[in-house]
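**Student:**
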DNA sequence: TGTCAGCCATAGAAGAATTCTATCAGAATC
DNA sequence: GATTCTGATAGAATTCTTCTATGGCTGACA
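Residue numbers (the numbering used here), protein chains in the order written: chain L, 1 to 299; chain H, 300 to 598.
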């Protein structure tokens, strides 16, 4: 025999725990003669008596005790290997930390989480909300596995996949001059006062970009901390704003005092993407998530 | 397959080290197909690909790397077990717990421990002192490996070997009527007041047995806790006593105020024996000890 | 481009090890 | 003294591992 066998160590540990060959054998789901013979073989191989066979009780010799301690460690390591294998064998299982922009998360998640849970039931999603800069930082630090944000960003050691393009829509007070009709042209916005998010939100920059092109000016001394604040300010007639379309769908579509109008083509949009470390071991799971989000975000 | 096999882990580690199936197989002293097949089996069992088979080089996958780390630990533990076994395989080595009667230990040990150490240098003797009943109890419980006590005892699952017969001697105050001359006959003791040990010491029962036969009576309201107490009480003239001969040899022979007289034949004696569990794995070492004690106790 | 060498996978047979059931022997218990 | 409990033994069936021989694929080299 060239190698100790884990099975034999299992038998030995069972005897150590049971103090009884028959019960140890039962615990190992083998017959008593099998366990006896294997233990005897192990003793012969090692050249030491491991078990003292009393008439009512089997107990370990000193050598047996010391060896059982090592044996337990080996069996644990063996379990570890199985554990590692299980974790690695199903790339679509385990914990995955996903961050989303504050201007995306609350509006996108209700649309996709049911589908994610259904399609990837063994994936435990941990959800976070960060603005672009801290999100990239935490991504690179390994604090999160993937992030949903507005492209483009500075990829560097990162990999990205475009998920969907989200149009902006115009939100105006109900009694506003632009509060009626179907699509609205960006040119119609010239001269309007626009309300924007505070610094740090990429949506602010994207909206500013649109505004500067069409001749709108930002309402001074006002910065909203969230889209919901923004929406309420619009409702109270302070000005107009640009919202990402998902923020006007579903329960968010029926805000009192606010009229939402889509833009005529070509509508201003922002690209939304999924970003992860190029070296990430969770690539497969991340791509599965990307597929589901891309398919159902705007659909 | 119920268990990962160490052999397969060895193959995996060999591939990790060699980066090459053929060389790994050679390192394991098996054919290349054997190693390939077993690794494939291991991968199937674990449900993960462990080795990336390149055209010129075999490298480990991430799962493989993580598992190899555990595998190395297991192989090391396996070596440890072999090492422990080798160290324990010498039946005359290791720890052996030996108990002696309080009326034997202090007088026998100085005579035999130097010889035990010389003859059994790899044996680590742990010495204990117990009276007969607790000694047998601890023996049966496996707390000690062997015991030196006065025979006969109720052997039951135990095995015994007679070591030597120890005569009793008479100890009297220096000015006592029996304090002079060579041997003394038991019949001369009639009417004497004898001091005895407290309950639990088998020596007490043995001495009582002698006393009752020769017409001595025990000093009431006195029970010594040790032979040395007894000896001092004799020296102070309270009475006489019986001592085991070894307790009057060497440094114990020159007690002031006490005269020791051997008995004329047939002298009363007690048999001293070594007792151990019949199932004990240390039988060989115990018998070696018995041989040495028997040879040098009374010599 | 065709041949060769290196590398791993596959196939089938031989051999070894493990397992089972049935039974035995020794010790403790009633 | 019969019975029960415990571990050891025996022989057959099964399962696993190993071997040799060979195939298929890829890269190197003339």
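We treat Cβ as the ideally placed atom computed from N, Cα and C, and that holds for glycine.
(1) Residues of the region 361 to 372 of chain H with a CB closer than 8 Å to any CB of chain L: list them in chain order, please.
(2) Helix, strand or coil: how does DSSP classify residue 268(L) here?
(3) Please report whether the beta-carbon of residue 55(L) lies at a distance below 8 Å from any beta-carbon of chain H.
(4) Using a 10 Å radius around the Cβ and a threshold of 16 neighbouring Cβ atoms, would you call residue 328(H) buried or exposed?
(5) Between residue 158(L) and residue 284(L), is the Cβ-Cβ spacing less than 8 Å?
(6) Skipping 5 residues on each side, what residues in its chain have a beta carbon closer than 6 Å to that of residue 257(L)?
(7) Is there a C-beta anywhere in chain L that falls below 8 Å from the one on residue 304(H)?
(8) Given a cut-off of 8 Å on the beta-carbon distance, is the pair residue 39(L) and residue 75(L) in contact?
(9) Tell me whether the beta-carbon of residue 574(H) lies closer than 8 Å to the beta-carbon of residue 470(H).
(10) May I have a chain-ordered list of the alpha helix (DSSP H) segments no shorter than 4 residues that lie completely inside the region 455 to 500 of chain H?
(11) Once the 5 residues before and after residue 523(H) are set aside, which same chain residues still bring their CB inside 6 Å of it?
(12) Figure out for me which residue from 145(L), 107(L), 128(L), 69(L) has the closest Cα to the Cα of residue 380(H).
(13) Please confirm whether residue 292(L) and residue 112(L) have their CB atoms less than 8 Å apart.
(14) What do you get for residue 447(H), buried or exposed, if any count of 16 or more other CB atoms within 10 angstroms of its CB means buried?
(15) What residues match up with residue 218(L) in a beta bridge as DSSP calls it?
(16) Let me make sure I understand the geometry here. Which of 36(L), 115(L), 137(L), 72(L) has the alpha-carbon closest to that of residue 20(L)?
(17) For residue 541(H), which of helix, strand or coil comes out of DSSP?
(18) Tell me whether the beta-carbon of residue 570(H) lies closer than 8 Å to the beta-carbon of residue 450(H).
(19) Under 8 Å, Cβ to Cβ, is there at least one residue of chain L near residue 379(H)?
(20) Taking the alpha-carbon positions, what's the residue 364(H) to residue 333(H) distance?
(21) Is it buried or exposed for residue 543(H), if we count other Cβ within 10 angstroms and need 16 for buried?
(22) Given a limit of 9 Å on CB to CB distance, which residues of the region 85 to 111 of chain L reach chain H?
(23) Which residue wins for smallest C-alpha separation from residue 2(L), given the options 41(L), 249(L), 177(L)?
(24) Taking 7 Å as the limit between beta carbons, can you name the residues of its chain near residue 483(H), skipping five residues before and five after?
(25) So, is the C-beta of residue 38(L) closer than 8 Å to a C-beta in chain H?
(26) Quick one: what's got a C-beta closer than 7 Å to residue 43(L)'s C-beta in the same chain, skipping five residues either side?
(27) Distance check for residue 164(L) and residue 186(L), CA to CA, integer angstroms please.
(28) Just tell me which of 538(H), 345(H), 326(H) has its CA closest to the CA of residue 519(H).
(29) From residue 87(L) to residue 362(H), what does the alpha carbon distance come to, in whole angstroms?
(30) When you compare each of 399(H), 307(H), 467(H) to residue 432(H) by their alpha carbons, which one comes out closest?
(31) Return the first residue and the last residue of the beta strand (DSSP E) that residue 99(L) is part of.
(32) Taking the alpha-carbon positions, what's the residue 217(L) to residue 267(L) distance?
(33) Bridge partners for residue 128(L) per DSSP, in chain order?
(34) Going by other Cβ atoms of all chains shown within 10 Å of its Cβ, with 16 needed for buried, is residue 131(L) buried or exposed?
(35) From residue 200(L) to residue 118(L), what does the alpha carbon distance come to, in whole angstroms?
(36) With burial defined as no fewer than 16 other Cβ atoms inside 10 Å of the residue's Cβ, what is the status of residue 434(H): buried or exposed?
**Tutor:** A quick look at the data gives this:
(1) Residues of the region 361 to 372 of chain H with a C-beta atom less than 8 Å from some C-beta of chain L are 361, 362, 365, 366, 369, 370, 372, listed in chain order.
(2) Three-state result, residue 268(L): coil.
(3) Taking 8 Å as the CB threshold, residue 55(L) lines the interface with chain H.
(4) Sixteen is the threshold: since fewer than 16 other Cβ atoms of the shown chains lie within 10 Å of the Cβ of residue 328(H), the residue is exposed.
(5) Their beta carbons are not under 8 Å apart, which means residue 158(L) does not touch residue 284(L) by this criterion.
(6) Closer than 6 Å at the Cβ level, and outside the excluded window around residue 257(L), lie 174, 235.
(7) Output row for residue 304(H): interface = yes.
(8) Not closer than 8 Å, so no.
(9) The answer is no: Cβ separation not under 8 Å.
(10) List check, alpha helix (DSSP H) in window: nothing returned.
(11) Closer than 6 Å at Cβ, skipping near neighbours: 496, 529.
(12) Comparing C-alpha distances from residue 380(H) to each of 145(L), 107(L), 128(L), 69(L) shows the shortest one belongs to 69(L).
(13) A distance below 8 Å separates the beta carbons of residue 292(L) and residue 112(L).
(14) Of the residues assessed, residue 447(H) falls on the buried side of the cut-off, its CB having 16 or more other CB atoms within 10 angstroms.
(15) According to DSSP, residue 218(L) bridges with 194(L).
(16) Looking at the Cα atoms, 36(L) is the closest of the given residues.
(17) DSSP, reduced to helix, strand and coil, places residue 541(H) within a strand of the structure shown.
(18) Yes, the Cβ-Cβ distance between residue 570(H) and residue 450(H) is below 8 Å.
(19) Yes, because at least one Cβ of chain L sits closer than 8 Å to the Cβ of residue 379(H).
(20) Taking the CA atoms as reference points, residue 364(H) sits about 21 Å from residue 333(H).
(21) It is buried - the Cβ of residue 543(H) has at least 16 other Cβ atoms within 10 Å.
(22) Result list: 85, 86, 87, 88, 89, 90.
(23) Ranked by Cα distance from residue 2(L), the first of 41(L), 249(L), 177(L) is 41(L).
(24) Correct list, in chain order: 469, 477, 560, 562, 563.
(25) No, its Cβ sits nowhere closer than 8 Å to a Cβ of chain H.
(26) Counting only Cβ-Cβ distances below 7 Å, and skipping sequence neighbours, we find 49, 50.
(27) The alpha-carbon separation between residue 186(L) and residue 164(L) amounts to approximately 22 Å.
(28) Checked all of 538(H), 345(H), 326(H); the closest Cα to residue 519(H) is 538(H).
(29) A straight line joining the alpha-carbon of residue 87(L) with that of residue 362(H) spans about 9 Å.
(30) Shortest Cα-Cα distance from residue 432(H) to any of 399(H), 307(H), 467(H) involves 399(H).
(31) Residue range 94 to 100 is occupied by the beta strand (DSSP E) that includes residue 99(L).
(32) Distance between residue 217(L) and residue 267(L), taken at the CA atoms: about 19 Å.
(33) According to DSSP, residue 128(L) bridges with 99(L).
(34) In summary, residue 131(L) is buried, with 16 or more beta-carbon neighbours lying within 10 Å of its beta-carbon over all protein chains present.
(35) Between the C-alpha atoms of residue 200(L) and residue 118(L) there is a straight-line separation of about 34 Å.
(36) Under a 10 Å Cβ-count criterion, residue 434(H) is classified as buried, with 16 or more other Cβ atoms of the shown protein chains found around its own Cβ.
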